[in-house]
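Read the structure below first, then the notes.
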Amino acid sequence: MVPEHGFEAHLARAWDTRQVGAFGRARQGLARVLNAAFVEGLISDETHAHRLSLLYGPGLIDPEHLVGDLTLHDARRTRRARNLWSSIVRDARRVVSRKSRIEAPLLLLLDRAGCDRLLVGRHPSCDIVVNQMTVSRHHAQLVHRDGSWVIQDLQSTNGTVLNGKRVGRTVVHPGDVLTLGGQAIEIG
């Protein structure tokens with residue numbers, strides 16, 4: 009029974025007349041994110057097709073599960089972040105003491121890697137060994153794909169941060185600063 013007068017009646021009428029977005033707009037936005045991630049090389053053909061089938065298939069969609077692990081590249085924002093981080097790194101190198109928790113940034117030259125896959129972590133079997141307790145034994149993996157390097161966090165304890173933002177998987181560029189646990193690594 010719907011009340012005819014008073015505040016409850018007003019709420020009932022407001023609820024009945026609320027705006028509904030255009031059908032499919034949210035799905036289109038998620039599809040754009042998936043397509044951009046595919047173009048940037050963050051996901052493979054098979055993963056792209058699988059996620060699109062989930063997106064357009066029947067049933068409910070959890071957007072965080074579908075695209076939550078993707079960090080897309082925005083050229084202007086990346087350039088500004090790179091400039092900002094370069095100035096922060098310069099200032100930090102002047103100020104950081106040996107007793108600081110975050111060590112001075114290491115420089116990683118990926119153009120001289122000589123392979124397509126690099127495992128980064130504290131364990132001696134890693135391709136790049138970072139000897140710091142805040143870095144997981146198998147912390148992250150760098151994969152060279154279609155001319156770009158993609159970093160993927162391997163469910164590390166302290167996470168992987170790129171230019172101040174925690175990431176699961178994203179493309180890295182020269183000038184970016186990765187932070188694995190307490191160790192900063194500048195991509196050269």
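Numbered continuously in the working numbering, the sequence shown closes out at residue 196. A virtual CB, placed ideally from N, CA and C, is assigned to each residue, including glycine. Small disclaimer: the values here were computed from a predicted structure and weren't measured.
A distance below 8 Å between beta-carbons, with the five flanking residues on each side excluded, links D161 to the following residues of its chain, in chain order: H147, A148, G167, T168, V175, G176 and R177.
Residue state for S61 is assigned as helix, using DSSP reduced to three classes. Excluding residues up to 5 positions away in sequence, V97, V185, A192, I193 and E194 lie with their Cβ nearer than 7 Å to the Cβ of P113 in the same chain.
Note: H152 is bridge-paired with W157 in the DSSP secondary-structure output. For V41, the enclosing alpha helix (DSSP H) begins and ends at R33 to V47. In the same chain as F46, and ignoring 5 residues on each side of it, the C-beta atoms closer than 7 Å to its own belong to H56, in chain order.
Under DSSP, no beta-bridge partner is assigned to Q140. When secondary structure is reduced to three states using DSSP, L68 falls in the coil class, being assigned neither helix nor strand.
With respect to the C-alpha of K173, the residue from E72, R130, I136 and L78 having the closest C-alpha is L78.
Note that the stretch 31–44 does not touch the stretch 119–131; fewer than 3 beta-carbon pairs, one per stretch, sit closer than 8 Å. Between R33 and Y64, the gap from beta carbon to beta carbon reaches 8 Å or more.
For D124, the CB contacts under 7 Å within the same chain, skipping 5 residues up- and downstream, are V151 and H152 in chain order.
Each residue's CA atom was taken as its position, placing Q140 and A39 some 40 Å apart. At a Cβ-Cβ threshold of 8 Å, L74 and G196 do not count as neighbours. Ranked by Cα distance from Q163, the first of D154, P66, G49 and G189 is G189.
Distances from the CA of G49 to each of G155, G76, L170 and T165 were compared; the closest alpha carbon is that of G155.
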